[in-house]
Amino acid sequence: MADYSGDPSEFKVYWFARDLVASSYGSYATKEKATLKQLSSQLGRELEGEGLLNETNLQTQKQQIRETITGSVNKTYGGDISKRYRQTEDLVERILRRIEEEDDVREFRIAIDAVVRTSEILDTTPSFGKSEIIEIVDETLQTESGSLNPNKAYDALFNVDFEGEAYQLGAQREPLIDYVHEKIHELRSDPHIEKKEVARIISGIAQEYERRAGQSRASTAGNVLETGLQHIFNQFKIPATGDPEHFGDLEIDNMVDGPEGSIGFSCKRTLRERFRQSLSREAEIGVDEVWFVSLLMADVSKEKLQDISNDGSRIYVPRDSFVWNRYNDDSDLSYTLRPADQFIVDVADFTGVSADL
């Protein structure tokens, strides 16, 4: 294969793989696995049959790639060119601009195998489910005497997030190890691939896989915390809505409505800038206050605390955090900044609901 060691932009297996799954190009590989497998097989037969490709044969293969990929999606929708077809055309242009010689066709075939196989791995990887979440919450809340400690609610959410991430990482990594081991043996047996090229190709496959795996973990992290929060409420007999609700660009993870007050909850790993979307929107949401639970302290700045305070809302942080130690004596933040171990007790007190504490 060609030597791309001096130009990282020419690591073509990586770029082929990335484009094939990119959402901006319609996430083609995740939807058209059978088409890609068929195309790869046909290209492989032609490579073996033709030997070294001349320019005419190379152009023929490029045309075949174009026709096969664009021909697998509907061209029109509602009397207009479909968005998916336009995305697929963009994808094809990206692919064909990278194919300049026979080795590029071979790398395209490797990329197809990689995205199809890794997509199958991600599709079949067991997720961190409700039963695992419930087990972790219960273990965290339970005392030696068998009762439930409401002061451990925040710890339960933290453990669910921590263990959930570790579970997903392990579940996604193990099948990848098997695939990489198999792929290394296959590549080393290919006379067209030099030894150093094997490492370059495998690193590209692993890099793209981790990018996609990270996205899948991020997309499920919120659901894990929502499920954990609801089970905590269930354990203490606090009536809650149970499901997140969307208010335009804002999502509230759960709500508790009692005789003395109502609360909307935003429980996240980090207090990102989007938290401001909920400020001053209590009337729209239908609650008296929005309370924030942030598992990581990196984004909890004095400025954000002040914004939450100005809105009359609250945020819960651990007592052993620097944020608490720094600002808990600030009289301007006394209502806003609350210790995490008081979260459940505060919910019951504020709303007036009858809780099993």
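The opening position of the sequence shown corresponds to residue 202 in the numbering used here, with each subsequent residue numbered one higher. Think of the CB as a built atom: it goes at the ideal place given N, C-alpha and C, for glycine as much as any other residue. Note that this is a predicted model, so its numbers are computed, not measured.
- Taking PRO540 as the reference, which of LYS438, ASP324, GLU409 and PRO519 has the closest Cα? Here the closest residue by C-alpha is PRO519.
- Query: In terms of residue numbering, what span does the beta strand (DSSP E) encompassing PHE329 cover?
  - Reply: No beta strand (DSSP E) contains PHE329, which DSSP labels as neither H nor E.
- Below 8 Å, can you find three or more Cβ-Cβ pairs linking the segment 297 to 313 to the segment 232 to 241? Contact between the segment 297 to 313 and the segment 232 to 241 is present: 3 or more CB-CB pairs across the two stretches fall below 8 Å.
- Task: Taking all protein chains shown into account, decide if ALA218 is buried (16 or more other Cβ within 10 angstroms of its Cβ) or exposed.
- Result: When all chains shown are included, ALA218 counts as buried.
- Residue range of the beta strand (DSSP E) that LEU538 falls in? Residues 538 to 540.
- DSSP bridge partner residues for LEU349 (one or two, in chain order): According to the DSSP secondary-structure assignment, LEU349 is paired through a beta bridge with GLN343.
- Please go through the segment 370 to 435 and give each complete beta strand (DSSP E) segment of 3 or more residues, from N-terminal end onward. Counting whole runs of 3 or more residues, the segment 370 to 435 contains no beta strand (DSSP E) stretch at all.
- Please classify ALA173: is it buried, with 16 or more other beta-carbons within 10 angstroms of its beta-carbon, or exposed? Residue 173 cannot be examined here, being either before or after the span of the chain that is shown, 202 to 558.
- Message: Quick check on the burial criterion: 16 or more other C-beta atoms within 10 angstroms. Buried or exposed for TYR536?
- Response: With fewer than 16 other Cβ atoms within 10 Å, it is exposed.
- Message: Closest to GLU461 by C-alpha separation, out of HIS393, LYS276 and ALA549, would be which residue?
- Response: It is ALA549 whose Cα lies nearest to the Cα of GLU461.
- Query: Quick one: what does DSSP say GLU301 is sitting in, helix, strand or coil?
  - Reply: Coil, per DSSP.
- Message: According to DSSP, simplified to helix, strand and coil, what is LYS438?
- Response: Note: LYS438 maps to coil in three-state DSSP.
- Residue of GLN436, GLU375, ASN529 and VAL306 minimising C-alpha distance to SER249: It should be pointed out that residue 249 corresponds to Glu in this sequence rather than to Ser. Of GLN436, GLU375, ASN529 and VAL306, the residue nearest in Cα terms is VAL306.
- Kindly indicate which three-state DSSP category GLN543 falls into: helix, strand or coil? DSSP places GLN543 in helix when its eight states are reduced to three.
- Task: Buried or exposed for GLY227, please, with buried defined as at least 16 other CB atoms from any protein chain shown within 10 angstroms of its CB.
- Result: Counting Cβ neighbours within 10 Å, GLY227 comes out buried, since at least 16 surround it.
- Sequence ranges, alpha helix (DSSP H) only - wholly within the segment 225 to 298, length at least 4: For the segment 225 to 298, whole alpha helix (DSSP H) runs of length 4 or above, ordered along the chain, are 229 to 232, 234 to 251 and 256 to 271.
- Task: Please state whether DSSP places ASP500 in a helix, a strand or coil.
- Result: Secondary structure at ASP500: coil, using DSSP grouped into helix, strand and coil.
- Can you tell me which of LEU221, MET498, GLU333 and THR271 puts its alpha carbon nearest to the alpha carbon of SER522? Looking only at LEU221, MET498, GLU333 and THR271, the smallest Cα-Cα distance to SER522 is reached by MET498.
- Can you tell me which of LEU244, LYS276 and GLY272 puts its alpha carbon nearest to the alpha carbon of THR261? That would be LEU244, whose Cα lies nearest to the Cα of THR261.
- Query: Would DSSP call SER212 helix, strand or coil?
  - Reply: What sits at residue 212 in the sequence shown is Phe, not Ser. In the structure shown, PHE212 sits in coil (DSSP, three-state: anything other than H, G, I, E or B).
- To the nearest angstrom, how far is it from the Cα of TRP525 to the Cα of ARG515? Whole-angstrom Cα-Cα distance: 13 Å.
- Query: Can you tell me the Cα-Cα spacing of ASP533 and TYR517, whole angstroms?
  - Reply: Looking at the two C-alpha atoms, the distance is approximately 16 Å.
- Query: Could you give the residue range of the alpha helix (DSSP H) that holds ASN526?
  - Reply: Unbroken alpha helix (DSSP H) run through ASN526: 523 to 528.
- Take TYR205 and list the residues in its own chain whose beta-carbon comes closer than 8 Å to its own, dropping the five residues that flank it on each side. Because the pLDDT at TYR205 is just 49, under 50, the model does not fix this residue reliably, and the value given afterwards should be weighed accordingly. Same-chain partners within the cutoff: GLU211, PHE212, LYS213 and ARG401.
- Query: What residue does the beta strand (DSSP E) around ASP458 start on, and which one ends it?
  - Reply: For ASP458, the enclosing beta strand (DSSP E) covers residues 455 to 458.
- Message: Here's a check: name, in chain order, each residue in its chain whose Cβ is nearer than 7 Å to the Cβ of LYS234, leaving out the five neighbours to either side.
- Response: Only VAL317 and SER320 meet the Cβ criterion.
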